[in-house]
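Line order of the protein sequences matches chains A and B. Quick note on numbering: this note's numbering labels position 80 of the first sequence as 80, and the sequence is numbered without any gaps. When you read off a place in the second sequence, starting at 1, and then add 224, the result is the number in this note's numbering.
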Amino acid sequence: MIKVVSAPHIDETTRAALASGRAEPSLGLFIDTLMTMRGIDEPEGEIIAGTILEAEIISELSPHALDMVWAAIERGASRPKSGLVYEDLNQTPAFLQDAILAAEEHRGWAYGGPGIKRLVLDMPGDRSPRTTVKGATKIEIIRIDAGTKVPWHTHKGQELSLCLAGEFSDHNAVYGPGDFSVYDGATRHQPVATPNAPAYALVVTDDGLRFEGLLGALQKLFNA
Amino acid sequence: MRSDGAGSGGQGGSARETLAETDRARFADLLVLVATRQDRTAYAELFGYYAPRVKSYLMRLGADNAQAEEITQDVMVTVWRKAQLFDRAQASVSTWIFRIARNRRIDVFRRTKKPGLDPEEPMILPAAAEAPDARIEIMETETRIRAAMKDLPEEQLHLLRLAFYEGLSHREIADKLDLPLGTVKSRIRLAFGKMKARLEND
């Protein structure tokens, strides 16, 4: 288990993977959220890509493209935009709130055991049946009521967990907003929310293969 | 409605021109107008500039003409619907729209069969010693990166395009350009390092 305390430095290879969309999307959202919560806004990769978009060649659009877009906008115009179910998450980064709102609209929070709720987020690629990968990663938000214990558990693969709001602890450490942990599949742990407030964690789980590179790299952070 | 406020290059060719600072600020104004007043004229101007470029981006990444047209329209609908989430202190319109196009593109066709990162490419490296207060504003970062990109040799800019825009791995770039992997890695690091240096030195 690792509790990451220092600010991760994201190298140019990783930035390219995140900016261009080559990185696994759940992992990308996790790292973006982590960096934003830590105040490490390093959008250089996306600035590069956005600037290259400006210099892109001009493709001819269908003559009715704008009309079709207006029509699509009209069709969806009445959709009400409501706030997040839990105000505690209002402090999270805007792009994460956007993902939360979409998930609340599509499927809502589900029962995850006594005092526990979970919200699975949609990631780019999820909706295309052609690209469904067996054992793909999953990203979700877990809400733990104040004082509630999550049952002891292990994972099939690795679990990345980032505290979004509130505070929880396990046998290794206490996690406040911006702290994150990495568990491998073999380690049992039991997070407990502190008694005064509910805790929220952004959790990515993989199929046991996908984050090998990440885990090794995170390890370097601690040996450095 | 103006036909093309940004004065970009000619029809069908490589535009090569990036936005001037004043146009960049004006596009942010336009998107804010879309968000606050559902301003259709402002939207139409943004559409005129970005939609043809987004379509080129999608075709560059493998979409055929019809598919690229459809996804572009979809991206531009999202621009209208999510305009209120645009924060001009956090991103330029180009960067913001690029993100939408990229995510929509991943929705429709994944470039890679294995979505994981190449294990030989490290995800996260140890933190360089850096005072957090020394960070500069994001929009200042944007300005400096743009300036640095203008100064890069074409060859290095091309490498950044392949890595950051088209999303090729170092291995794929090496194969495409017929260069040794180590050369690709060091040249990308050099090009990116030049921009980092530009951010750190006034």
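Glycine included, C-beta positions come from ideal geometry on N, C-alpha and C.
Report the rounded CA-to-CA distance for residue i versus residue j, giving the unit in angstroms.
i              : j              : result
A398 (chain B) : A49 (chain A)  : 20 Å
D32 (chain A)  : L164 (chain A) : 13 Å
S161 (chain A) : I100 (chain A) : 16 Å
N289 (chain B) : L61 (chain A)  : 9 Å
A415 (chain B) : R385 (chain B) : 11 Å
L209 (chain A) : Q158 (chain A) : Note that L209 (chain A) scores a pLDDT of 45, beneath 50, so its modelled location is shaky; the value from the coordinates is reported in the next line. So the alpha carbons of these two residues sit roughly 8 Å apart.
A421 (chain B) : A17 (chain A)  : 21 Å
P151 (chain A) : Q190 (chain A) : 6 Å
T242 (chain B) : D98 (chain A)  : 29 Å
A173 (chain A) : T148 (chain A) : 16 Å
W70 (chain A)  : T194 (chain A) : 50 Å
R413 (chain B) : A19 (chain A)  : 16 Å
Y200 (chain A) : R143 (chain A) : 5 Å
R305 (chain B) : F271 (chain B) : 13 Å
L381 (chain B) : A72 (chain A)  : 37 Å
M373 (chain B) : R22 (chain A)  : 22 Å
T51 (chain A)  : L202 (chain A) : 31 Å
M68 (chain A)  : H394 (chain B) : 39 Å
L96 (chain A)  : G108 (chain A) : 15 Å
F168 (chain A) : L89 (chain A)  : 15 Å
E396 (chain B) : L285 (chain B) : 14 Å
D145 (chain A) : E104 (chain A) : 18 Å
P63 (chain A)  : L401 (chain B) : 37 Å
R261 (chain B) : E74 (chain A)  : 15 Å
A275 (chain B) : R323 (chain B) : 14 Å
A307 (chain B) : P404 (chain B) : 44 Å
A287 (chain B) : V278 (chain B) : 11 Å
L282 (chain B) : G83 (chain A)  : 33 Å
D263 (chain B) : H106 (chain A) : 29 Å
L119 (chain A) : I141 (chain A) : 5 Å
A244 (chain B) : D253 (chain B) : 14 Å
G28 (chain A)  : D206 (chain A) : 13 Å
V182 (chain A) : S59 (chain A)  : 45 Å
P198 (chain A) : T137 (chain A) : 26 Å
G113 (chain A) : A259 (chain B) : 40 Å
F180 (chain A) : M419 (chain B) : 30 Å
L376 (chain B) : L309 (chain B) : 33 Å
T296 (chain B) : G115 (chain A) : 43 Å
L392 (chain B) : T407 (chain B) : 15 Å
F388 (chain B) : N196 (chain A) : 44 Å
V225 (chain A) : K117 (chain A) : Outside the shown range of chain A, which is 1 to 224, sits residue 225 (chain A), and nothing can be said about it.
Y175 (chain A) : A102 (chain A) : 27 Å
Check the DSSP bridge columns for residue i and list the partner residues they point to.
i              : result
S118 (chain A) : Reading off the sequence, residue 118 (chain A) comes out as Arg, not Ser. DSSP lists A:A110, A:I142 as partners of R118 (chain A).
F168 (chain A) : A:Y175, A:A193
L162 (chain A) : A:F180, A:L202
K149 (chain A) : A:V192
Using alpha carbons as the reference points, say which of the options lies closest to residue i.
i              : options                        : result
D311 (chain B) : A:N90, A:T137, A:A94           : A:A94
R368 (chain B) : A:D206, A:E44, A:G178          : A:E44
I226 (chain A) : A:V204, A:G76, A:S181, A:Y183  : Only positions 1 to 224 of chain A appear in the structure, and residue 226 (chain A) is not among them; the question remains open.
E366 (chain B) : A:Y200, A:R107, A:E46          : A:E46
A292 (chain B) : B:Q314, B:P404, B:R329         : B:R329
E378 (chain B) : A:A55, A:D67, A:M68            : A:A55
L66 (chain A)  : B:L282, B:A287, B:Y273         : B:Y273
Q91 (chain A)  : A:T187, A:T36, A:T13           : A:T36
D184 (chain A) : A:N196, A:V192, A:H153, A:Y175 : A:H153
A325 (chain B) : B:D375, B:E390, B:L257         : B:E390
T187 (chain A) : A:A110, A:G115, A:F30, A:D170  : A:D170
G178 (chain A) : A:L34, A:T13, A:I57            : A:L34
S410 (chain B) : B:L383, B:F388, B:L423         : B:L383
L53 (chain A)  : B:R370, B:M363, B:Q314, B:E364 : B:R370
P25 (chain A)  : A:T13, A:M123, A:G76           : A:M123
Less than 7 Å separating the Cβ of residue i from some heavy atom of the ligand SAM?
i              : result
G272 (chain B) : Questions concerning the ligand SAM fall outside what the structure shown contains, since it holds no ligand whatsoever.
What in chain D is Cβ-close to residue i, meaning under 8 Å?
i              : result
R411 (chain B) : Absent from the structure is chain D; the protein chains it does hold are A and B.
Which residues, in chain order, does the stretch 84-107 of chain A contribute to contact with chain B at a C-beta distance below 9 Å? A94, F95, Q97, D98
Is there contact here, the stretch 263-281 of chain B with the stretch 292-309 of chain B, by at least three beta-carbon pairs under 8 Å? Cβ pair count under 8 Å is three or more, so yes.
Closer than 8 Å is the cut-off here; do at least three beta carbon pairs connect the stretch 243-260 of chain B with the stretch 311-324 of chain B?
Touching, yes, given that three or more Cβ pairs across the two stretches are closer than 8 Å.
- Closer than 7 Å, Cβ to Cβ, to anything on chain A: give me those residues from the stretch 254-269 of chain B, in chain order. Those would be A268, in chain order.
- Residues of the stretch 176-208 of chain A with a CB closer than 9 Å to any CB of chain B: list them in chain order, please. D206
- Query: Using a beta-carbon distance cut-off of less than 9 Å, what residues from the stretch 47-64 of chain A approach chain B?
  - Reply: I47, I48, A49, G50, T51, I52, L53, E54, A55, E56, I57, I58, S59, E60, L61, S62
Exercise for the section: Closer than 7 Å, Cβ to Cβ, to anything on chain A: give me those residues from the stretch 370-382 of chain B, in chain order. Expected result: R370, M373
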